[in-house]
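Numbering (the numbering used here), first residue to last: 84 to 311.
All C-beta atoms in this analysis are idealised placements derived from N, C-alpha and C, irrespective of residue type, glycine included.
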């Protein structure tokens, strides 16, 4: 199985935000830590599965669309060859090529059908074939969502299994800290893979994630005031 970094990061970030939204909303509604834990896990797997399926369908739909467009372009090359050849000429003319060089480019591209097709897909339609397996993108999203989305629930897990004497408020504060760590870790991983400064990338993700988490908390607090 091939892991896809962008889908893993997408799932990870959304998993942390969504789980913290459940935690903060439930805490705002004055629910017990045990109830918060149940709601958190129910959301973690249900929403993670939903996101994975959504990513699978989106990837498959894009692949089907690109395949259909490629078939259409292939038909046009087979049946309207001169018109398609002129399109290649116009594309590279707009890029600044003139005279014999332009003629040579058109000749080289159009003498091989695959190169011709690839060029039309990329230059005319702006489409690049997606070689990703939809199942792999779905799995990457699901694992990222559940792995990182679990972190805001860790303090509540400790409360449940270790039976700590901490109050619900203290556990929630620990969850805030765990959420911040999760955002920072996502940024560090992203920075390492794309070869950027990992610390800067970590704080960047922490900043963006904090905004999303704050919005989730504020909404939960507002709903509490409306309900009670």
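Only counting runs of 3 or more residues, tell me where the beta strand (DSSP E) segments fall wholly within the region 223-280, in order along the chain. none
Express the C-alpha separation of residue 213 and residue 189 in angstroms, rounding to a whole number. 26 angstroms
Assigned exposure category for residue 162 - 16 Cβ within 10 Å defines buried: exposed
Does the pairing of the region 194-213 with the region 99-116 give three or more beta-carbon distances under 8 angstroms? no
Candidates 90, 238, 106 and 86, of which the one nearest residue 296 by Cα: 106
Classify residue 213 as helix, strand or coil using the three-state DSSP reduction. coil
Reference residue 260, options 281, 278, 237 and 194, closest by Cα: 237
Could you tell me the alpha carbon to alpha carbon distance between residue 211 and residue 152, rounded to whole angstroms? 11 angstroms
Nearest to residue 131 (by Cα), restricted to the options 171, 141 and 221: 221
Of all the alpha helix (DSSP H) runs that stay within the bounds of the region 151-221, which reach a length of 4 or more residues? 164-177, 182-193 and 196-202
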